[in-house]
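Structure record follows, encoded as structure tokens.
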Amino acid sequence: MSKGLPKRSEDYSLWYNELVKRADLAENSAVRGCMVIKPYGYSIWEKMQAELDRMFKETGHTNAYFPLFIPKSYLSKEASHVEGFAKECAVVTHYRLKNADDGSGVIVDPEAKLEEELIVRPTSETVIWSTYKNWIQSYRDLPLLVNQWANVVRWEMRTRLFLRTAEFLWQEGHTAHATREEAVQETEQMMNVYAQFAEEFMALPVVRGRKTENERFAGAEDTLCIEAMMQDGKALQAGTSHFLGQNFAKAFDVKFAAKDGKLDYVWGTSWGVSTRLMGALIMAHSDDNGLVLPPKLAPTQVVIVPIYRGEEELKAITEKANEFIRALKRVGVSVKFDDRDTYKPGWKFAEYELKGVPLRIAIGPRDLENGTVEIARRDTLTKETFELSSQPIEQKILDLLDEIQNTIYNKALQFREEHTTEVNSWDEFKDVLENKGGFISAHWDGTGETEDKIKELTKATIRCIPINQKEEEGECVLTGKPSKGRVFFAKAY
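Numbering of the sequence shown is given in this note's numbering, commencing with residue 3 and proceeding in unit increments.
Below you can see the structure in the form of structure tokens.
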């Protein structure tokens, strides 16, 4: 299964692309730049969805759905928003096809031109705020806390499965508030929800930060983010939360009557994560043998593989396996018994290793005699013989799953810490960037011009201004001008 899988150290990009395909996560579709998410990949995304959806609802949000199509005029209402997305928009101009007169096939019917072109949503702020105008009249209607699970289209020219595709899946939250303070608090809360999800479920340590003005979401006054580090030392933006101020409320004339009777524009936020998290999950943890999945997001947490000769041995092993399955399901563990007779145990071991199943239990006739099973861990590729009389199997498995979740997180955290470097000179900056990679903590003079120049010279961007940034007088790593604190630079996906 993993035979011939490229090594990360030799070609990280090829390793990633091959792993996504061989582990049955996704594949390129017939539509250029779009992907087919296969059942195994989608089952991981479903687990992400379920946990995030639970967290959103726990913080008071409810789900809704808004149209896929956005009138072109809507995007014109918020100037910086349309400027930020104009080059990525797919545009619908006609609503009907017809057969060509020469019999060559179907063509666009020139008589079916739309009066106003429709944009396939790249994001939904405009269509949602046009709707909120009808929903919000009074302070009694606020706060409005809405999320939608949807697909969006951003016409990317260079694509990579999960990381950057023309169409992708995501959730987008859109909230409206009576005060600036409430909206700012919401923006911060959702960044922290994303960080909690990444760390507790994805086993992915993240840096909480604020985007620079150059990197801010188009139409926002402030953008908060979580940034993660991949095993090749590149950063990946794993989630963003935007304080929109009153920009979209003013663009769509969304006002409310306050308690004192005065009319004011509402304050807004938006926030989202996408199937890009799948790419982060793969690149942060997996190895040259295949996927390494944190147990909390693994579709199958435990697989049981029988090793037998003949029907009598299989029958006895199946009875024992069914005992384990009942016990494990009672405590919420997802488990699979693979008794297919079309593949040998060794082939099955390789398959589940490639697919990142956290624990594998092998049972043979000798195990039945001795009251033991062999348990193999995917994260460390180690095996142990477990005495069934020593403790209940379900407790042993629960303990191991917790240990694997923590081990994966701590390994990623250690990697990030080892690849976060403080620099104080331009030569040092370039040396670390080219020879070590990772996050570079450096002083910056706060100007967009310097930020653009560093990007032009090195392809490194300011990933974020850390939330916990300390006031620290210094000199910009490029210009030598005064700086009040360090920011995180990195090359990124």
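For glycine and all other residues, C-beta sits at the position ideal for the given N, C-alpha and C.
Keep in mind it's a predicted model, so treat the numbers as computed, not measured.
Same chain only: Cβ atoms within 7 Å of valine 434, ignoring 5 sequence neighbours per side: Thr423, Val425 and Ile442
Nearest-angstrom beta carbon gap, threonine 161 and histidine 244 [assumed within contact, 8 Å]: With 8 Å as the limit, histidine 244 and threonine 161 do not qualify as a contact, their Cβ atoms being about 24 Å apart.
Same chain, Cβ closer than 6 Å to leucine 283, neighbours up to 5 away in sequence not counted: Met204
Contacts around histidine 176, its chain only, beta-carbon distance under 6 Å, and the 5 residues preceding and following it disregarded: Ile130, Val148 and Ser272
Neighbourhood of leucine 400 by C-beta distance below 8 Å, restricted to the same chain and skipping five residues each side: Val333 and Val335
N-terminal and C-terminal residue of the beta strand (DSSP E) that threonine 242 is part of: Run containing threonine 242: 237-247, per the beta strand (DSSP E) assignment.
For isoleucine 228 and glutamine 198, the rounded distance between their alpha carbons: 10 Å
Closest by C-alpha distance to tyrosine 310, when choosing among Gln303, Ala323 and Val304: Ala323
Inter-residue spacing [alpha-carbon to alpha-carbon] between tyrosine 267 and threonine 128: 16 Å
Three CB pairs or more closer than 8 Å across the stretch 133-140 and the stretch 79-95: Not touching, per the Cβ criterion.
Cα-Cα separation between alanine 259 and threonine 181, rounded to whole angstroms: 12 Å
Where alanine 253 falls, given that 16 or more other Cβ within 10 Å makes a residue buried: buried
Simplified DSSP assignment, three categories, for histidine 83: Looking at histidine 83 - three-state DSSP - the assignment turns out to be helix.
Neighbourhood of isoleucine 467 by C-beta, 6 Å cutoff - its chain only, sequence neighbours within 5 removed: So the qualifying residues of the chain are Gly211, Arg212 and Val489.
Contact between the stretch 377-389 and the stretch 346-361 (3+ Cβ pairs under 8 Å): Yes: at least three Cβ pairs fall under 8 Å.
8 Å CB neighbourhood of leucine 116 in its chain, flanking five on each side removed: Annotation for leucine 116: Val94, Thr95, His96 and Tyr97 place their beta carbon closer than 8 Å to its own, counting only its chain and skipping 5 residues before and after.
Cut-off 7 Å between Cβ atoms - residues of its own chain near glycine 263, not counting five sequence neighbours on either side: none
Residue range of the alpha helix (DSSP H) that includes methionine 159: Looking at the DSSP string, methionine 159 is not in any alpha helix (DSSP H), and its letter there is neither H nor E.
Uninterrupted alpha helix (DSSP H) stretches inside the stretch 107-152 (no shorter than 4 residues): 127-137
Local conformation of glutamate 217 per DSSP, three classes: Taken through DSSP and simplified to helix, strand or coil, glutamate 217 comes out as coil.
Cβ shell of methionine 50 (< 7 Å), same chain only, five flanking positions each side left out: Leu279 and Leu299
Distance between beta carbons of valine 275 and alanine 240, contact taken as under 8 Å: Alanine 240 to valine 275, Cβ: 7 Å. Contact.
Residues bridged to lysine 100 [DSSP beta-bridge criterion]: Ile109
Through-space distance from glycine 292 to alanine 200, alpha-carbon basis: 21 Å
Leucine 226 to methionine 193 span [Cα, whole Å]: 6 Å
Beta-carbon contacts of glycine 107 that lie in its chain and below 8 Å, excluding the five residues immediately before and after: Asn101
Valine 434 - DSSP class collapsed to helix/strand/coil: Helix at valine 434.
Local conformation of isoleucine 39 per DSSP, three classes: strand
Limits of the unbroken alpha helix (DSSP H) element including isoleucine 284: 278-287
Integer Cβ distance of glycine 450 from asparagine 216, believed to fall under 8 Å: Indeed, because the Cβ distance is near 5 Å, the residues count as touching under 8 Å.
For glutamate 396 and threonine 374, believed in contact at Cβ under 8 Å, the rounded distance: No, threonine 374 and glutamate 396 are not in contact; Cβ-Cβ is about 16 Å, not under 8 Å.
Whole-Å CB distance - glycine 281 paired with leucine 403, under 8 Å assumed: Between leucine 403 and glycine 281 the Cβ distance is about 24 Å, and since that is not below 8 Å, they are no contact.
Buried versus exposed call for alanine 52 [16 or more other C-beta atoms within 10 Å across all chains shown]: By the C-beta density criterion, alanine 52 is exposed, having fewer than 16 other C-beta atoms within 10 angstroms.
Where arginine 328 falls, given that 16 or more other Cβ within 10 Å makes a residue buried: exposed
Residues bridged to methionine 231 (per DSSP): Ala237
Distance between threonine 320 and serine 126 (C-alpha atoms, nearest Å): 52 Å
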